[in-house]
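According to the numbering used here, the sequence shown is numbered sequentially starting from 2. Here a beta-carbon is modelled for each residue, glycine too, at the ideal position from N, C-alpha and C. All remarks here apply to the structure that follows.
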Amino acid sequence: MSSKPRVDQVFQNASDIREAHMILLHSSFERSKKRPLPGMEVEVERLLRFELFIPPLLCDMYTLRRNRRYIDTSSASIELAASVHANPSLAMSVHKPPSLPSPMVFLKHVLDINAKLPAIIWFNLVQNAKRDGAFNAVAPTDHRYPLPICKNIISVFGHQLQPPVASPSNAVYFTDAVENYFPGEMTDNLLRMFSVFDLFREGPFSTQLRVVLACTEFCLQAALDDSEGVGHCPGNSGEPCRGRVAFRDGERRSF
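Below, the structure is given as structure tokens:
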């Protein structure tokens, strides 16, 4: 991910590379163009990740018409599914099945399973989730989604950030991606998300410490609400309810 500015500088428009990329990608799919050919899943994942550095040849058309053919991820690996969900032109495609999880739900899923993904994938999953409203300010009683974020972020910002460490693998945990590649972006996202719980705006605290304190305050409030049976009543405009199940597991979805 840290090489992206250098890639932009060296390759610029890179029309020949973008054309070769399109040919390789199209030749890696079944005739329906919905699934990779057997044995080509890893190559397709890498080609989609490549687009996050150098946009595809038809990028402008995809952005304008939002008509890029969506890739079926129902039986895909988590790595390929993540590259599909992280891809901007696929994320905005009108052909995306409505049954698929939202960017916010998919981000929660990969955090829940403690996935290891390339940092550029993590960054774009966060960006897409942000556009989906994942980091809008949360209400004091709304704690279904942010808890996995708190668990991961407190471990990042709970100590002094270290200089990036080279890894022999492109795949890293979310905490490593945030700490080494986009701590500032996540700090801004989380201060917006936990603004209600950010009680130390005026104090002599770093933004990272404010994030940790706000996350801690949020978790304490969530634990207190759970102990008192406070949650959200489904379809009740986010109003708190007591003594009822706050939400149910939905139908099975493909990631």
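- Looking at the backbone, the Cα of L53 and that of D177 are separated by about 19 Å.
- Distance from the CA of M41 to the CA of N171, rounded to the nearest whole angstrom, comes to 19 Å.
- DSSP assignment within the region 192–232 yields the following whole alpha helix (DSSP H) runs of 4 residues or more, N-terminal first: 208–228.
- Per the coordinates, the alpha-carbon of L118 lies some 25 Å from the alpha-carbon of I24.
- For P147, the enclosing alpha helix (DSSP H) covers residues P147 to F158.
- For D199, same chain residues with a beta-carbon under 7 Å away, outside a window of 5 residues either side, are L192, R211 and A215 in chain order.
- About 6 Å separates the Cβ atoms of R19 and I55, confirming a contact at the 8 Å cut-off.
- Listed as beta-bridge partners of K117 by DSSP are Y174.
- Per DSSP, L38 is not a residue of any alpha helix (DSSP H), being assigned neither H nor E.
- With distances taken between CA atoms, S103 lies nearest to Q128 out of E46, Y174 and Q128.
- Within a 10 Å sphere around the beta-carbon of L81 sit 16 or more other beta-carbons, which makes this residue buried.
- Residue pairing of F30 in beta bridges, as defined by DSSP: P37.
- Taking C-beta separations shorter than 8 Å and ignoring five residues to either side along the sequence, the partners of H96 in its chain run N68, R69, R70 and Y71, following chain order.
- Cβ contact annotation for V179 (same chain, cutoff 8 Å, sequence separation greater than five): W123, N153, I154, V157 and M187, in chain order.
- At a Cβ-Cβ threshold of 8 Å, M93 and A130 do not count as neighbours.
- Excluding sequence positions up to five before and after A77, its CB lies within less than 7 Å of the CB of E42, all in the same chain and listed in chain order.
- In this structure, F136 and N190 form a Cβ contact; the two beta carbons are roughly 4 Å apart against a cut-off of 8 Å.
- F206 and Q222 have their C-alpha atoms spaced approximately 22 Å apart.
- When secondary structure is reduced to three states using DSSP, N68 falls in the coil class, being assigned neither helix nor strand.
- Taking C-alpha positions only, H110 is separated from P37 by approximately 23 Å.
- Annotated three-state conformation of S84 is helix, per DSSP.
- At a Cβ-Cβ threshold of 8 Å, P149 and D113 count as neighbours.
- For the 8 Å CB-CB criterion, E44 and S29 form a contact.
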